[in-house]
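If you read the sequence shown in the UniProt record's numbering, its first letter stands for residue 1, the second for the next number, and so on.
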Amino acid sequence: VLPALSLSRVLHVDIVAGSYNAASFNSFIDCLLNNMNLYLGPNSIIVMDNASIYKSPALCLMIE
């Protein structure tokens, strides 16, 4: 289970069998971005730890 939370609600949640990889995480972020706003708006900042699946060039392009 992977949730994306704001201070007031769940923005997106995804459930996969097994563990996430770069492709499944990118898909999660793609869906999450539909619930995000431009920088400085509400729900505009994504905080992640330093897991290796977050370091794909495709993910960086999606988020930036």
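Virtual Cβ for every residue (Gly too), placed ideally from N, Cα, C.
Expressed to the nearest angstrom, what Euclidean distance is found between the alpha-carbon atoms of residue i and residue j?
i	j	result
F28	L59	10 Å
Y39	I45	7 Å
M48	P42	17 Å
S6	M62	20 Å
With burial defined as no fewer than 16 other Cβ atoms inside 10 Å of the residue's Cβ, what is the status of residue i: buried or exposed?
i	result
N50	exposed
N34	exposed
N21	exposed
A4	buried
Among the options, which one has its Cα closest to the Cα of residue i?
i	options	result
V10	A17, S24, G18 and M36	M36
S19	I53, L61 and S6	I53
Which whole-angstrom value is the C-beta distance of residue i and residue j, which I expect to be below 8 Å?
i	j	result
A24	V16	With the sequence shown as reference, residue 24 is identified as Ser, and Ala is not the correct amino acid for it. Yes, they are in contact, since the Cβ atoms of S24 and V16 sit about 6 Å apart, within 8 Å.
Runs of alpha helix (DSSP H) wholly within the stretch 7 to 35 (minimum 4 residues, chain order):
Here the runs fully enclosed are 22 to 33.
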